[in-house]
Amino acid sequence: MNEDGLDTVIHAPARLRIVVTLASLPEGDDLSFTRLQDLIGLTPGNLITHLRKLEDAGYIQTERNGNGTTARTSVALTHAGRAALDRYTTAVRQLLDSASPR
Amino acid sequence: MNAGADMKDGAGAGEAAGTDAQGAADMDAQGAAAIMQEARERARRELAVRRPVLFLTWGLVVLVGYGAMWLSVRGQHPFHGPTAPAIVTLVALFAMAAIVTAWFVDRASSGVGGPSVLQRGVFVLALAAGGAALEIFIRAASDASADRPLVAVMRAAAPLLVVGLVFVASSAINGILDRPRLALGLWLLAVAAEGAWAGPVTYLAVIALAGGGGILLMAAIEPLLRRS
Numbered sequence: 000m001n002e003d004g005l006d007t008v009i010h011a012p013a014r015l016r017i018v019v020t021l022a023s024l025p026e027g028d029d030l031s032f033t034r035l036q037d038l039i040g041l042t043p044g045n046l047i048t049h050l051r052k053l054e055d056a057g058y059i060q061t062e063r064n065g066n067g068t069t070a071r072t073s074v075a076l077t078h079a080g081r082a083a084l085d086r087y088t089t090a091v092r093q094l095l096d097s098a099s100p101r
Numbered sequence: 000m001n002a003g004a005d006m007k008d009g010a011g012a013g014e015a016a017g018t019d020a021q022g023a024a025d026m027d028a029q030g031a032a033a034i035m036q037e038a039r040e041r042a043r044r045e046l047a048v049r050r051p052v053l054f055l056t057w058g059l060v061v062l063v064g065y066g067a068m069w070l071s072v073r074g075q076h077p078f079h080g081p082t083a084p085a086i087v088t089l090v091a092l093f094a095m096a097a098i099v100t101a102w103f104v105d106r107a108s109s110g111v112g113g114p115s116v117l118q119r120g121v122f123v124l125a126l127a128a129g130g131a132a133l134e135i136f137i138r139a140a141s142d143a144s145a146d147r148p149l150v151a152v153m154r155a156a157a158p159l160l161v162v163g164l165v166f167v168a169s170s171a172i173n174g175i176l177d178r179p180r181l182a183l184g185l186w187l188l189a190v191a192a193e194g195a196w197a198g199p200v201t202y203l204a205v206i207a208l209a210g211g212g213g214i215l216l217m218a219a220i221e222p223l224l225r226r227s
């Protein structure tokens with residue numbers, strides 16, 4: 000957590016986009032690496048770096064199916080990831096509320 | 000993390016680590032809220048099926064297709080059924096709408112895997128199996144010398160009954176009530192059931208106006224219903 004109480008794993012523009020995008024899918028669904036890359040607009044290397052951080056935190060799960068040219072890597076948000084995004088969203092709202100004039 | 004064939008490691012990884020810390024430091028709560036909003040809207044635009052467009056398409060198809068059928072039987076004494084051009088028009092419009100639907104669904108679901116793929120498959124199977132079963136039933140009734148007006152009523156009602164029932168049955172999957180789907184399913188069932196009292200000629204007009212109109216109305220209010 001940073002000094003504002005925001006989860007530092009999520010609190011980076013690219014990872015925030017990744018987590019929000021994956022959270023828009025119904026629970027249990029996954030997204031292919033290439034489609035996620037299209038949606039987020041990162042280079043493959045950049046995306047892998049961010050996904051690795053999220054996976055290390057247990058927020059996403061990746062799975063590789065098939066071999067060679069037919070291989071497909073899918074990315075899904077875990078329950079912990081969804082819960083972390085909920086907490087992050089709540090923390091952001093609280094910060095915005097406390098900053099707004101009453 | 001596993002790196003698949005579509006997941007090339009390397010270029011940009013170091014750059015990511017550098018810009019990452021900087022980006023996080025620069026992002027305040029307002030910036031985070033804006034990014035979340037933008038990412039949510041983009042995901043909705045790209046990953047969700049555009050139902051208002053599909054409702055608009057199907058609403059027009061029902062309005063025009065059944066309207067053409069009604070025009071072809073209006074004033075028939077005795078009733079001998081819609082003309083071949085009217086039937087061909089309806090079938091062609093249904094086929095066109097099915098292609099449009101498949102295109103939109105395919106576009107939204109490209110790259111998506113998991114339970115929703117199975118749900119969508121079962122949804123399509125339910126529509127196809129229901130439609131086929133009713134068609135066989137109607138042919139059997141016709142073969143057993145059922146009256147022409149009765150067969151016409153059954154045939155006109157079949158798509159509404161199947162779609163209405165499948166919509167209602169699939170409106171609470173994932174534990175979330177899909178209000179637009181439930182409302183439209185119930186409406187189509189009501190039109191199919193109540194309209195039949197009007198007889199084989201007026202029934203086609205009822206389906207065109209109340210059925211097609213209901214679907215068009217849903218195209219307009221679906222976003223509001225989904226948010227409520």
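As they're listed, the protein sequences go chains A and B.
With numbering that gives the first Met the number 0, the residue at position 76 of the first sequence is 75, and numbering never jumps.
With numbering that gives the first Met the number 0, the residue at position 1 of the second sequence is 0, and numbering never jumps.
The beta carbon of each residue, even a glycine, is placed where N, CA and C say it ideally should be.
* At least one CB of chain A closer than 8 Å to the CB of B:LEU62: is that the case? -> no
* Does A:LEU95 come within less than 8 Å of chain B when only Cβ atoms are used? -> yes
* **Alpha-carbon to alpha-carbon, B:ARG154 and B:THR88** => 15 Å
* To do: Check B:GLN75 in the structure and name its three-state DSSP category.
  => coil
* To do: Would you list the residues sitting across from A:LEU30 in a DSSP beta bridge?
  => A:VAL74 and B:VAL111
* Asked: Rounded C-beta distance between B:GLY230 and A:ARG81? I'm assuming under 8 Å.
  -> This structure leaves residue 230 of chain B out entirely; chain B is present only between 0 and 227.
* For A:HIS10, count neighbouring Cβ atoms within 10 angstroms of its own Cβ and tell me buried if that reaches 16, exposed if not. => buried
* Determine, using beta carbons only, whether B:MET6 comes closer than 8 Å to chain A. => Because the pLDDT of B:MET6 is 46, which lies under 50, any placement of that residue in the model is unreliable, and the number read from its coordinates should be weighed accordingly. At least one chain A Cβ lies under 8 Å of B:MET6.
* **The beta strand (DSSP E) enclosing A:ASN1, as first and last residue numbers** => Careful: A:ASN1 lies outside any beta strand (DSSP E) and carries neither H nor E.
* To do: Note down the Cα distance separating B:GLN75 from B:ALA207, rounded to an integer number of angstroms.
  => 18 Å
* Compute the beta-carbon to beta-carbon distance between A:PRO12 and B:ASN173, rounded to the nearest angstrom, for a pair I have assumed lies under 8 Å. => Contact flag wrong, Cβ pair sits at about 29 Å.
* For B:TRP196 and B:ARG73, the rounded distance between their alpha carbons -> 17 Å
* **Inter-residue Cα distance where the pair is B:ALA125 and B:ALA182** => 19 Å
* Asked: When you check each C-beta in the region 26-48 of chain A against every C-beta of chain B, which residues fall closer than 9 Å?
  -> GLU26, GLY27, ASP28, ASP29, LEU30, SER31, PHE32, THR33, ARG34, LEU35, GLN36, ASP37, LEU38, ILE39, LEU41, THR42, PRO43, GLY44, ASN45, LEU46, ILE47 and THR48
* Closer than 7 Å, Cβ to Cβ, to anything on chain A: give me those residues from the region 39-53 of chain B, in chain order. => ARG39, ARG41, ALA42, ARG43, GLU45 and LEU46
* Look at the alpha carbon of A:TYR58 and the alpha carbon of B:LEU187, and state the distance between them as a whole number of angstroms. => 42 Å
* **Closest Cα partner of B:MET217 within the set B:ALA42, B:ARG178, B:PHE78 and B:THR201** => B:ARG178
* Asked: What residues in the region 69-82 of chain A have a beta carbon less than 8 Å from any beta carbon of chain B?
  -> THR69, ALA70, ARG71, THR72, SER73 and ALA75
* **Residues, ordered as in the chain, of the region 92-116 of chain B that lie near chain A by beta-carbon distance below 9 Å** => SER109, GLY110, VAL111, GLY112, GLY113, PRO114, SER115 and VAL116
* Tell me the DSSP bridge mates of A:ILE59? -> A:LEU76
* **Simplified DSSP state of A:ASN64, which is helix, strand or coil** => strand
* To do: Could you pull the start and end residues of the alpha helix (DSSP H) that B:ALA32 belongs to?
  => 28-46
* Is A:GLY40 helix, strand or coil by DSSP? -> coil
* To do: Using a cut-off of 8 Å between C-beta atoms, extract the partners of A:ALA56 located in chain B.
  => Within 8 Å Cβ-Cβ: nothing; A:ALA56 doesn't reach chain B, min ~12 Å.
* Along the chain, which unbroken stretches of the alpha helix (DSSP H) at least 4 residues long are found entirely within the region 153-184 of chain B? -> none
* Any contact of the region 138-148 of chain B with the region 62-81 of chain A, i.e. 3+ C-beta pairs under 8 Å? -> no
* Alpha carbon of A:LEU53 to alpha carbon of B:MET26, nearest angstrom -> 18 Å
* Note the first and the last residue of the continuous alpha helix (DSSP H) segment covering B:GLY198. => 198-205
* To do: Establish whether the CB of B:SER26 and some CB of chain A are separated by less than 8 Å.
  => A small fix is needed here, since residue 26 of chain B is Met in this sequence, not Ser. Chain A, which has a Cβ nearer than 8 Å to the Cβ of B:MET26, makes this yes.
* To do: Give the residues of chain C in contact with A:ARG16, contact being defined as C-beta atoms less than 7 Å apart.
  => The question asks about chain C, but that chain is absent: this structure's protein chains are A and B.
* To do: Kindly indicate if chain A contains any beta-carbon less than 8 Å away from that of B:ALA168.
  => no
* Are the region 55-66 of chain B and the region 36-46 of chain B touching by the rule of at least three beta carbon pairs closer than 8 Å? -> no
* B:VAL249 to A:ARG51, Cα distance in whole Å? -> Chain B is shown from 0 up to 227; residue 249 of chain B falls before or after that span and cannot be answered.
* Can you tell which of A:THR61, A:ARG14 and A:ALA90 has the C-alpha that lies nearest to the C-alpha of A:GLY40? -> A:ARG14
* Asked: Would you call A:SER99 buried or exposed, if buried means 16 or more other Cβ atoms sit within 10 Å of its Cβ?
  -> exposed
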